[in-house]
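A short write-up of the structure that comes next.
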Amino acid sequence: MSHSSTNAQPAPAAPADGVPPAPDAHARAVQEMFGHVAGRYDLMNRLMTFGQDVRWRRFVIRQAALRPGERLLDLATGTGDLALDACDATAGLDVVGADFTVEMMRVGRRRAGADRLTWLAADALALPFGDACFDAVIQGYLLRNVSDIPGALAEQYRVLRPGGRVVVLETSPATPAPLQPFVRAHLRYGIPLLSRLASGNPQAYGYLLASTANFRTPSELGALLTAAGFEQVGWRSFMLGTQAVHWGRKPRP
Ligand SMILES: C[S@@+](CC[C@H](N)C(=O)[O-])C[C@H]1O[C@@H](n2cnc3c(N)ncnc32)[C@H](O)[C@@H]1O
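Letter by letter, the sequence shown follows residues 0 to 252 of numbering that gives the first Met the number 0.
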């Protein structure tokens, strides 16, 4: 592992093959669902987004503005897509991929280059790290799944050093009106069909649709980042407004 740019070290956490922290009932249901879809998660992602998620992930990495030697947390890393992209984009990073669904990380650990990451079982609502020990925190599709978004953002703020960056990739319910019929058709017919064909677990993608419809608009999520204490908050929408990348910075004292 490359060296850290901070002196603070993370507190010990369960390894990816260890027992994840005990979550509440909602979190257990989320864990179970991702445990079921883990084997086909990457394929479904590519199919549902027409391969566009690769582009949004690159944008996340660019917004994180990582430099060699920095310490990065990819929270809800799943199969490690964002974390591995970060390693490809910037040499000499010290990257932790953390998630509370061990099955997702087991799939990720079989991927080429997976040993460049430290994989940890961790709950986003109670991160097993000391304060101010990461230069950047990134995440793909975490916040939609947590029962306490301000709590998850507070934990990310805590583990970031002053001046550290946060970047969030999420689905978004906000779509410009003229495009809504196309998006609705994809959500109502395209995704259920794909999930029957490819995922073997259509219920999981029913959850995806419901959680997307009920998720925050980009401006609401931006306000939550600001309320968590981040500054220079901004966002950009993708794919007809169905996806958004938000970013912010922890103020320096
Ligand atoms: C849709 S997947 C995203 C995986 C990956 N970040 C990506 O961009 O493809 C959501 C992930 O969030 C994880 N997750 C949900 N709630 C979590 C929590 N409270 N703590 C840690 N991980 C969580 C799930 O286990 C799952 O792997």
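Even for Gly, the Cβ is constructed at its ideal location relative to N, Cα and C.
- Query: Is the beta carbon of Leu81 within less than 7 angstroms of some heavy atom of ligand 1?
  - Reply: As a working note, residue 81 is residue 82 in the sequence shown. Yes, the Cβ of Leu81 comes within 7 angstroms of a heavy atom of ligand 1.
- Message: Just verifying my parser: in three-state terms, what is the DSSP assignment at Ala209?
- Response: Your numbering for residue 209 matches position 210 in the sequence shown. In the structure shown, Ala209 sits in a helix (DSSP, three-state: H, G or I).
- Message: Classify Ala253: buried if its beta carbon has 16 or more other beta carbons within 10 angstroms, exposed otherwise.
- Response: Residue 253 lies beyond the range of the chain shown here (0 to 252); nothing can be said about it.
- Hey, could you find the ends of the beta strand (DSSP E) Glu69 is sitting in? Taking the first residue of the sequence shown as 1, we reach residue 69 at position 70. Element bounds for Glu69: n/a, residue is neither H nor E.
- Cutoff 8 angstroms; reference Gln8; Cβ partners in own chain excluding five residues on either side: The residue you call residue 8 lines up with position 9 of the sequence shown. Confidence at Gln8 is low in this model, with a pLDDT of 43, below 50, so its placement is unreliable and the value that follows should be read with caution. Only Gly129 and Cys132 meet the Cβ criterion.
- Item | Contacting residues, own chain, Cβ-Cβ under 7 angstroms from Trp55 (five flanking each side not counted) | Mapped onto the sequence shown, residue 55 falls at position 56. Closer than 7 angstroms at Cβ, skipping near neighbours: Leu168, Phe237, Gln242 and Val244.
- Task: Give the DSSP-derived three-state secondary structure of Pro250 in the structure shown.
- Result: Counting from 1 along the sequence shown, the entry for residue 250 is found at position 251. Coil at Pro250, not helix or strand.
- Query: Leu126 CB to nearest chain C CB: under 8 angstroms?
  - Reply: Note that chain C does not occur in the displayed structure, where there is just one protein chain.
- Query: Which runs of the beta strand (DSSP E), 3 residues or longer, sit entirely within the region 123 to 175?
  - Reply: Runs of the beta strand (DSSP E) inside the region 123 to 175: 133 to 139 and 159 to 170.
- Query: Going along the chain, which unbroken runs of the alpha helix (DSSP H) with 4 or more residues stay wholly within the region 41 to 65?
  - Reply: List check, alpha helix (DSSP H) in window: 52 to 63.
- Task: Would you kindly work out how many angstroms separate the C-alpha atoms of Val29 and Thr89, rounded to a whole number?
- Result: Indexing the sequence shown from 1 puts residue 29 at position 30. Indexing the sequence shown from 1 puts residue 89 at position 90. Roughly 32 angstroms separates the two Cα atoms.
- Taking Cβ positions, are Ala82 and Ala123 nearer each other than 8 angstroms? Position 83 of the sequence shown, counting from 1, holds the residue named residue 82. Position 124 of the sequence shown, counting from 1, holds the residue named residue 123. Going by C-beta atoms, Ala82 is not nearer than 8 angstroms to Ala123.
- Task: Compare the Cα-Cα distances from Ser218 to each of Gly240, Ala209, Tyr206 and Ser210 and report the closest residue.
- Result: Position 219 of the sequence shown holds residue 218. The shortest C-alpha separation from Ser218 is found at Gly240.
- In angstroms, rounded to a whole number, what distance separates the CA positions of Gly247 and Ala222? Position 248 of the sequence shown, counted from the first residue, corresponds to residue 247. Position 223 of the sequence shown, counted from the first residue, corresponds to residue 222. The alpha-carbon atoms of Gly247 and Ala222 are separated by roughly 11 angstroms.
- Would you please state the rounded distance, in angstroms, between the beta carbons of Pro161 and Pro252? I believe it to be under 8 angstroms. On the sequence shown, position 162 is the one that residue 161 refers to. On the sequence shown, position 253 is the one that residue 252 refers to. Rounded, the Cβ-Cβ distance is 6 angstroms, consistent with contact.
- Item | Three-state secondary structure assigned by DSSP to Leu74 | As a first step, residue 74 must be located in the sequence shown, where it is residue number 75. Leu74: strand per DSSP, three-state reduction.
- Query: Measuring CA to CA, which of Ala209, Val136 and Glu102 is closest to Asn144?
  - Reply: In the sequence shown, residue 144 corresponds to position 145, counting from 1. The option with the nearest alpha carbon to Asn144 is Ala209.
- Decide if Gly50 is buried, meaning its Cβ has at least 16 other Cβ atoms within 10 Å, or exposed. Against the sequence shown, residue 50 aligns to sequence position 51. Its Cβ having fewer than 16 others within 10 Å, Gly50 is exposed.
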